[in-house]
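**Student:**
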Amino acid sequence: MFNDLRPYAEQLLEWRSGVVMPSLDWMAISIAWDGLETSAYHFTRRRNFYFELEREWSERRGANNPLGDRQEAIAAFKSAAPFVQQLRGLMERCPPFGRDYLALMIALESLETTALHFTRVHSFYGATGDGAGPTRPAF
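In the working numbering, the protein residues as written are -16 to 122.
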C-alpha cells in the first residue's frame, strides 16, 4: 500500500530539496514527511519506511524552490490532490475513527498543515463550508 505512495514521497522530498535547511519552510515540509512516515509505520511496522528514498534525495539540493511564491505553492499543492484522494480512498475502507483510519488521517492532516504554511489557505483539501455557505469565523 505505501509503495503506491512513493511518487508522493518523492514529491515531498523534491519540495524539501528546494528549501534551505534548517528553516521554517523546511520544517513545514518535514511535518508532511513525518506524517507520511508515521502512517507507513502503523501499517508496515517498518521504521523509516522511505529511508532509501530519503537517502537518495539527501544528496540533492535543488536551486528551484517550487513553494517560494504563494501562487506557485498553491499550484504545487493542487498537484498533490491525487495523493489526497488516494488517502481518502484508503480511509473509506476502514471503520470510521478506527486505528487504521486515524493512522491515515495523520498523513492527510500533516499535508493539510504543510499546505496551510505555504498557501495560507485553511482546509486546502477539505470542505470550506458546512453546506449552508462559507464557514464563518468564530467570535
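Cβ atoms here follow ideal geometry from the backbone N, Cα and C, with glycine treated the same way.
As the structure is a computational prediction, the values presented were derived from the model and not from experiment.
Should Phe60 be labelled buried (16 or more other beta-carbon atoms within 10 Å of its own) or exposed?
**Tutor:** Answer is buried; the Cβ neighbour count reaches 16.
**Student:** What did DSSP end up calling Tyr33 once you bin it into helix, strand or coil?
**Tutor:** Looking at Tyr33 - three-state DSSP - the assignment turns out to be coil, as it is neither helix nor strand.
**Student:** Who are the Cβ neighbours of Arg43 in its own chain at under 6 angstroms, not counting the five residues just before and after it?
**Tutor:** Cβ within range, chain order: Ser0.
**Student:** In three-state terms, what does DSSP make of Met4?
**Tutor:** Residue state, collapsed to three classes: coil.
**Student:** Looking only at its chain, what residues have a beta carbon closer than 7 angstroms to the beta carbon of Ser22, apart from the 5 residues adjacent to it on each side?
**Tutor:** The answer, listed in chain order, is Ala86, Leu87, Ile89 and Ala90.
**Student:** Verify whether the separation of the beta carbon atoms of Phe101 and Leu50 is less than 8 angstroms.
**Tutor:** Yes, the Cβ-Cβ distance between Phe101 and Leu50 is below 8 angstroms.
**Student:** Considering only the alpha carbon of each residue, which of Gln(-6), Ile12 and Glu(-7) lies closest to Val2?
**Tutor:** It is Ile12.
**Student:** Run through DSSP, which three-state label would Arg(-1) get?
**Tutor:** Here Arg(-1) sits in helix by DSSP.
**Student:** In whole angstroms, give me the CA-to-CA distance for Leu99 and Glu55.
**Tutor:** Approximately 14 angstroms, taken between the alpha carbons.
**Student:** Comparing alpha-carbon positions, which option in Asp8, Arg38 and Tyr24 lies nearest Glu(-7)?
**Tutor:** Ranking the options by Cα distance to Glu(-7), first place goes to Arg38.
**Student:** Under DSSP, the alpha helix (DSSP H) around Tyr84 begins and ends at which residues?
**Tutor:** Element bounds for Tyr84: Arg82 to Thr102.
**Student:** Taking the alpha carbon of Val67 as the point to measure from, which residue in Phe80, Pro79 and Ala15 has its own alpha carbon closest?
**Tutor:** With distances taken between Cα atoms, Val67 lies closest to Ala15.
**Student:** For Asp(-13), does the three-state DSSP call read helix, strand or coil?
**Tutor:** In this structure, Asp(-13) counts as coil in the three-state DSSP scheme.
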